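Enquirer: Line by line, the protein sequences give chains A and B.
Using the numbering used here, you'd call the opening residue of the first sequence number 1 and step up by one each time.
Using the numbering used here, you'd call the opening residue of the second sequence number 122 and step up by one each time.
Virtual Cβ for every residue (Gly too), placed ideally from N, Cα, C.
Since the model is a prediction, treat every value here as computed from it, not as a measurement.
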Amino acid sequence: MAIAASSDHAEPNYIAIFIYLALLTLIELGVAYAPIPKALMVGALVGLAWTKAVLVAMYFMHLRFERRTLAVMAIVPALLVTELTFALLPDLSTRIYAHTKVIRALEKDVKGENPNAAELP
Amino acid sequence: MSQAAAVDPHAHGTHAVEPVENPLTPDSGGKLGMWMFLAADAMTFGAAIAAYGALRIGNVNWPIPSTILGIPSTAVMTFVLICSSVTMVEALSAIKRGDQQKLKLFLGLTILGGLIFLGMQAREWTHLIMTEGLSIKTSLFSATFFILTGFHGCHVTGGVIYLITQLGKAMRGTATYAGIEITGLYWHFVDLVWILIFTFIYLI
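1. Ends of the alpha helix (DSSP H) at Ile189 (chain B)?
2. Could you check if Met209 (chain B) is buried or exposed, using at least 16 other CB atoms within 10 Å of its CB as the buried criterion?
3. Would you mind giving the Cβ-Cβ distance between Ala53 (chain A) and Met41 (chain A), rounded to the nearest angstrom? I have them listed as a contact below 8 Å.
4. Using a Cβ-Cβ cut-off of less than 7 Å, list which residues of the segment 262 to 289 of chain B approach chain A; keep chain order.
5. According to DSSP, is Lys52 (chain A) helix, strand or coil?
6. Alpha carbon to alpha carbon, how far is Ala49 (chain A) from Lys290 (chain B)?
7. Which chain A residues are close to Thr188 (chain B), counting only those with a beta carbon under 7 Å from its beta carbon?
8. What whole-angstrom Cβ distance do Ile301 (chain B) and Ala163 (chain B) have, given they're in contact under 8 Å?
9. Quick one: is Met157 (chain B) buried, meaning 16 or more other Cβ sit within 10 Å of its Cβ, or exposed?
10. For Glu28 (chain A) and Leu202 (chain B), what's the separation of their Cα atoms in angstroms?
11. Show which residues of chain B have a CB atom less than 9 Å away from the CB atom of Val81 (chain A).
12. Could you tell me the alpha carbon to alpha carbon distance between Leu176 (chain B) and Glu83 (chain A), rounded to whole angstroms?
13. Indicate whether Thr235 (chain B) and Ser205 (chain B) have their beta-carbon atoms separated by less than 8 Å.
14. Short of 7 Å in beta carbon distance, which residues of its chain neighbour His74 (chain A), apart from the five on each side in sequence? Order them along the chain.
15. Take Tyr14 (chain A) and list the residues in its own chain whose beta-carbon comes closer than 8 Å to its own, dropping the five residues that flank it on each side.
16. Starting from His276 (chain B), trace the alpha helix (DSSP H) in both directions and tell me its first and last residue.
17. Put Gly179 (chain B) into one of helix, strand or coil per three-state DSSP.
18. Taking the alpha-carbon positions, what's the Ile325 (chain B) to Val110 (chain A) distance?
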């Protein structure tokens, strides 16, 4: 059977992509151990991870050379999962707030400073 | 776009049924099927990772992963899986050129990469269970770790079995470009998911 449509393109330089992926992995390790603020570290690591994921999807999985509607099928799960993560944030923020409030109340109680026993669980 | 050949059910003779073309992957219907499966699997992994993130953010007592997990060895595992993805695309390139020897070689190397990854994963699990005393019910950290890496490990195991069947076909001379391409899609997806798991569970 003839090898048709999607394979009729110049092959990417797979070794170059491999080198990019290896370098990005090394950079990730460097960022993970670097003495930088946590928020910056998390942002950098997430960005690096998604860059590597996109390289694998575009060049190893040949998504770059497929029809765009197929790329939509591949991208939709990523968007939905991102939306799911943000959808959980209101629940998380409530739990973090409640947890922090309880810890502060307990700390005050240990110091003998808490006038409001209702704050304790 | 060409029309699918119609088959007259009342016609006599031996007419082959033409497969209906699909507009997304006209060269291979199986490729569309694999992409659909990968999209569903991506949702499963994504939901698991999102749940992991939610549990971790909501828990102030979450341990620092690098104090418990082996980052350097896991980095080597990541590198091995990336190498196996390279050998997989080289296998696809080989069958496109009609080079059966290189096809078998690179399929074999991909299988080897998968087995090395699984062996190192098993070694890590053994250390965590036997030495650190962790289990799936020890804590949220250990539960999410074992579930996520175990689920991924099952995918790698299935991928290795899939690759072995393709190697068998290659040895019999019956492997096809479409079949190898679809196998490659699954293997690259497994690699892609590990890239994300390595970052979210081990590094952050």
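Expert: Put simply:
1. If you number the second sequence from 1, residue 189 (chain B) lands on position 68. From DSSP, the alpha helix (DSSP H) with Ile189 (chain B) extends over 186 to 189.
2. Position 88 of the second sequence, counting from 1, holds the residue named residue 209 (chain B). Answer is buried; the Cβ neighbour count reaches 16.
3. Your numbering for residue 53 (chain A) matches position 53 in the first sequence. Your numbering for residue 41 (chain A) matches position 41 in the first sequence. The pair is not a contact, with the Cβ atoms about 18 Å apart (cut-off 8 Å).
4. none
5. By 1-based counting over the first sequence, the position of residue 52 (chain A) is 52. Helix.
6. Your numbering for residue 49 (chain A) matches position 49 in the first sequence. Your numbering for residue 290 (chain B) matches position 169 in the second sequence. Approximately 35 Å, taken between the alpha carbons.
7. Mapped onto the second sequence, residue 188 (chain B) falls at position 67. Neighbours of Thr188 (chain B) on chain A: none; closest Cβ ~13 Å, over 7 Å.
8. Reading the second sequence from its first residue, position 180 is the one you call residue 301 (chain B). Reading the second sequence from its first residue, position 42 is the one you call residue 163 (chain B). Between Ala163 (chain B) and Ile301 (chain B) the Cβ distance is about 22 Å, and since that is not below 8 Å, they are no contact.
9. Position 36 of the second sequence, counted from the first residue, corresponds to residue 157 (chain B). Exposed is the call here.
10. For this step, residue 28 (chain A) is matched to residue 28 along the first sequence. For this step, residue 202 (chain B) is matched to residue 81 along the second sequence. So the alpha carbons of these two residues sit roughly 16 Å apart.
11. Here residue 81 (chain A) corresponds to residue number 81 of the first sequence, with the count starting at 1. The answer, in chain order, is Ala163, Met164, Phe166, Gly167, Ala168, Ile170, Ala171.
12. Here residue 176 (chain B) refers to the residue found at position 55 of the second sequence. Here residue 83 (chain A) refers to the residue found at position 83 of the first sequence. Each residue's alpha carbon lies about 16 Å from the other.
13. Position 114 of the second sequence, counted from the first residue, corresponds to residue 235 (chain B). Position 84 of the second sequence, counted from the first residue, corresponds to residue 205 (chain B). Looking at the sequence shown, residue 235 (chain B) is not Thr but Gly. Yes, the pair counts as a contact, with Cβ atoms nearer than the cut-off.
14. In the first sequence, counting from the first residue as 1, residue 74 (chain A) sits at position 74. Per the sequence shown, residue 74 (chain A) should be read as Ala rather than His. Hits under 7 Å: Ala57, Leu63.
15. Looking up residue 14 (chain A) in the first sequence gives position 14. Around Tyr14 (chain A): Tyr59, Phe60.
16. As a working mapping, residue 276 (chain B) is identified with position 155 in the second sequence. Run containing His276 (chain B): 261 to 293, per the alpha helix (DSSP H) assignment.
17. Stepping through the second sequence from its first residue, residue 179 (chain B) is reached at position 58. Looking at Gly179 (chain B) - three-state DSSP - the assignment turns out to be coil, as it is neither helix nor strand.
18. Residue 325 (chain B) sits at position 204 when you count from the first residue of the second sequence. Residue 110 (chain A) sits at position 110 when you count from the first residue of the first sequence. Distance between the alpha carbons of Ile325 (chain B) and Val110 (chain A) is about 33 Å.
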